[in-house]
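Data first, discussion second: the structure below is written as structure tokens.
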Amino acid sequence: MTSRTVLLTGATGGIGRSTAQALIAAGHRVILNGRHEAALQALAAALGTQAEYITADITHAEDRARIARMARDKGVNTVINNAGISHFGLLDDCNAIESQITTNLLAPILLTQALLPAFKALPEACIINIGSTLGSIGYPGYAAYCASKFGLRGFTEALARELADTAIRVQYIAPRATDTDINSAAVRALNAELGSQADSPEAVAAIIVDALTSGAACTYIGWPEKLFVRMNALLPNIVAGSLKKQLPIIKRHARP
Numbered sequence: 001m002t003s004r005t006v007l008l009t010g011a012t013g014g015i016g017r018s019t020a021q022a023l024i025a026a027g028h029r030v031i032l033n034g035r036h037e038a039a040l041q042a043l044a045a046a047l048g049t050q051a052e053y054i055t056a057d058i059t060h061a062e063d064r065a066r067i068a069r070m071a072r073d074k075g076v077n078t079v080i081n082n083a084g085i086s087h088f089g090l091l092d093d094c095n096a097i098e099s100q101i102t103t104n105l106l107a108p109i110l111l112t113q114a115l116l117p118a119f120k121a122l123p124e125a126c127i128i129n130i131g132s133t134l135g136s137i138g139y140p141g142y143a144a145y146c147a148s149k150f151g152l153r154g155f156t157e158a159l160a161r162e163l164a165d166t167a168i169r170v171q172y173i174a175p176r177a178t179d180t181d182i183n184s185a186a187v188r189a190l191n192a193e194l195g196s197q198a199d200s201p202e203a204v205a206a207i208i209v210d211a212l213t214s215g216a217a218c219t220y221i222g223w224p225e226k227l228f229v230r231m232n233a234l235l236p237n238i239v240a241g242s243l244k245k246q247l248p249i250i251k252r253h254a255r256p
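Here my numbering is used: the first residue of the sequence shown is 1, the next is one more, and so on.
Below you can see the structure in the form of structure tokens.
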């Protein structure tokens with residue numbers, strides 16, 4: 001595998017931390033990004049000399065510009081847009097709509113735009129967007145989150161086609177439920193009652209690093225979630241009917 005210099009956003013979260021470790025183990029250099037300097041500093045120290053960090057908030061224009069300058073100066077040729085937040089709850093109770101759309105969709109689009117001039121000057125570059133199964137299946141209790149991830153999937157597809165005549169590769173990776181702190185107690189209780197499976201962040205990280213090697217345009221993680229994604233695309237009424245049966249359980253866990 002060719003060694004890369006990877007900018008990883010959301011680096012201190014569950015998937016981010018495991019992905020950073022997997023990237024280092026695979027021989028890549030990693031520049032960790034997040035908002036909390038102490039956590040970034042500790043992670044970089046634990047990872048060793050192949051890791052460094054930049055403390056910056058990707059939802060702020062001046063911080064995105066600073067990241068882009070650093071990426072150019074450090075020779076970053078890969079970005080993994082991993083930062084994300086989630087709120088589980090019914091729409092009429094949700095006070096985190098704007099923050100989810102901004103963090104999960106608008107910020108990675110604008111950060112990618114800021115990185116493109118430097119990427120276009122390189123022999124090759126890679127953009128990986130971390131989406132979700134819920135970027136393909138609208139799920140009750142996740143209206144704003146689904147909107148953000150549906151948008152990220154569309155952005156990835158359109159950008160990949162826009163850059164098809166360049167040396168920049170654009171990829172989308174969609175985990176299912178993952179056992180990290182992004183899940184509230186209500187989400188964990190819902191998954192337990194419905195029997196939904198959750199992957200370890202280490203398993204997801206391994207797939208992300210594999211996709212960086214394989215170049216797969218789109219990777220969905222987990223079974224039967226892969227099947228549900230296809231069914232929802234082809235036979236959405238069947239999926240809607242199944243979710244309607246689960247709706248009383250979902251609403252019970254979603255209410256404050």
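Glycine is no exception: its CB is placed at the ideal position from the N, C-alpha and C atoms.
### Message
Could you tell me the alpha carbon to alpha carbon distance between G195 and I97, rounded to whole angstroms?
### Response
Sequence index remark: in the sequence shown, residue 195 carries index 195 (1-based). Sequence index remark: in the sequence shown, residue 97 carries index 97 (1-based). Distance between the alpha carbons of G195 and I97: 27 Å.
### Local Cβ density within 10 Å of P248, reported as buried at 16 or more and exposed below that
Looking up residue 248 in the sequence shown gives position 248. Exposed.
### Message
Using 8 Å for Cβ pairs, my map puts T5 next to I80. What's the rounded Cβ distance?
### Response
Translated into the one-based positions of the sequence shown, residue 5 becomes position 5. Translated into the one-based positions of the sequence shown, residue 80 becomes position 80. Going by Cβ atoms, the distance from T5 to I80 rounds to 12 Å, so no, they are not a contact pair.
### Own chain partners of T78 with C-beta closer than 6 Å, once the 5 adjacent residues on each side are dropped
On the sequence shown, position 78 is the one that residue 78 refers to. Here the set comprises R4, V6, C126.
### Task
Starting from V6, follow the beta strand (DSSP E) in both directions and report where the run begins and ends.
Looking up residue 6 in the sequence shown gives position 6. Unbroken beta strand (DSSP E) run through V6: 5 to 8.
#### Entry: Limits of the unbroken alpha helix (DSSP H) element including G241
Reading the sequence shown from its first residue, position 241 is the one you call residue 241. Where G241 is concerned, the enclosing alpha helix (DSSP H) stretches over 236 to 254.
### Cβ-based neighbour list, F150, same chain, cut-off 6 Å, excluding 5 preceding and 5 following
Counting from one through the sequence shown, the residue named residue 150 turns up at place 150. Counting only Cβ-Cβ distances below 6 Å, and skipping sequence neighbours, we find G135.
#### Entry: Counted within 10 angstroms of its Cβ, other Cβ atoms place M1 as buried (16 or more) or exposed
Residue mapping note: residue 1 aligns to position 1 of the sequence shown, counting from 1. Confidence in M1 is poor, its pLDDT being 49 and thus under 50, which makes the residue's placement too unreliable to answer from.
### Task
Determine the contact status of P201 and T219, defining contact as a CB-CB distance below 7 Å.
Within the sequence shown, the letter at position 201 stands for residue 201. Within the sequence shown, the letter at position 219 stands for residue 219. In this structure, T219 does not lie closer than 7 Å to P201 by Cβ.
### Task
Please state whether DSSP places L159 in a helix, a strand or coil.
Walking along the sequence shown from the start, residue 159 turns up at place 159. If DSSP states are grouped into helix, strand and coil, L159 belongs with the helices.
### Message
Please state the DSSP three-state secondary structure of C146.
### Response
Sequence index remark: in the sequence shown, residue 146 carries index 146 (1-based). Three-state DSSP puts C146 in a helix.
### Query
Cα-Cα, which of D92, K120, I182 is closest to L163?
Here the question's residue 163 lines up with position 163 in the sequence shown. L163 has its Cα closest to that of K120, out of D92, K120, I182.
### Task
Give the C-beta separation of L111 and I58 to the nearest angstrom, bearing in mind that I take them to be a contact with Cβ-Cβ under 8 Å.
The count along the sequence shown starts at 1 and reaches residue 111 at position 111. The count along the sequence shown starts at 1 and reaches residue 58 at position 58. So it is a contact: roughly 5 Å between Cβ atoms.
### Message
So, at 7 Å on beta carbons, what are the nonlocal neighbours of G75 in its own chain, with the 5 sequence-adjacent residues on each side left out?
### Response
Looking up residue 75 in the sequence shown gives position 75. So the list reads T5, once near-sequence residues are dropped.
### Query
How should I238 be labelled, buried or exposed, when 16 other C-beta atoms within 10 angstroms of its C-beta is the threshold for buried?
For the purposes of this step, residue 238 is taken as the residue at position 238 of the sequence shown. Result: exposed.
### Query
By Cβ distance below 8 Å, which residues in the same chain neighbour L43 in space, the five residues on each side in sequence not counted?
Residue mapping note: residue 43 aligns to position 43 of the sequence shown, counting from 1. Same-chain partners within the cutoff: A11, T12, R17, A20, L32, A51, Y53.
### Spatial distance of A65 from I109 (CA atoms)
The residue you call residue 65 lines up with position 65 of the sequence shown. The residue you call residue 109 lines up with position 109 of the sequence shown. Approximately 13 Å, taken between the alpha carbons.
### Message
Would A192 and G131 be called neighbours here (beta carbons separated by less than 7 Å)?
### Response
Locating residue 192 in the sequence shown gives position 192, counting from the first residue. Locating residue 131 in the sequence shown gives position 131, counting from the first residue. For A192 and G131, no; Cβs fall outside 7 Å.
### Message
Within 10 Å of its beta-carbon, does G89 have 16 or more other beta-carbons around it, so buried, or fewer, so exposed?
### Response
Locating residue 89 in the sequence shown gives position 89, where the first residue counts as 1. Buried, because 16 or more other Cβ atoms sit within 10 Å of the Cβ of G89.
### Task
Mind reading off the beta-carbon distance from D63 to A71? Whole number of angstroms is fine, and I expect it under 8 Å.
Translated into positions along the sequence shown, residue 63 becomes position 63. Translated into positions along the sequence shown, residue 71 becomes position 71. At roughly 12 Å, the Cβ-Cβ gap does not stay under 8 Å, so D63 and A71 are not in contact.
### CA-to-CA distance, N183 to C94, given in whole angstroms
Counted from its first residue, the sequence shown places residue 94 at position 94. Counted from its first residue, the sequence shown places residue 183 at position 183. Approximately 16 Å, taken between the alpha carbons.
### Query
In chain order, what residues of the same chain have a beta carbon less than 8 Å from the beta carbon of P123, not counting five sequence neighbours either side?
Taking the first residue of the sequence shown as position 1, residue 123 is located at position 123. For P123, where only same-chain residues beyond five positions count, the Cβ hits under 8 Å are A167.
### Query
Which residue's Cα is closest to the Cα of L235: Y145, K251, I137?
Against the sequence shown, residue 235 aligns to sequence position 235. Looking at the Cα atoms, I137 is the closest of the given residues.
### Message
Give me the residue from A147, A206, A68, G241 with the minimum Cα distance to I85.
### Response
The count along the sequence shown starts at 1 and reaches residue 85 at position 85. Looking at the Cα atoms, A147 is the closest of the given residues.
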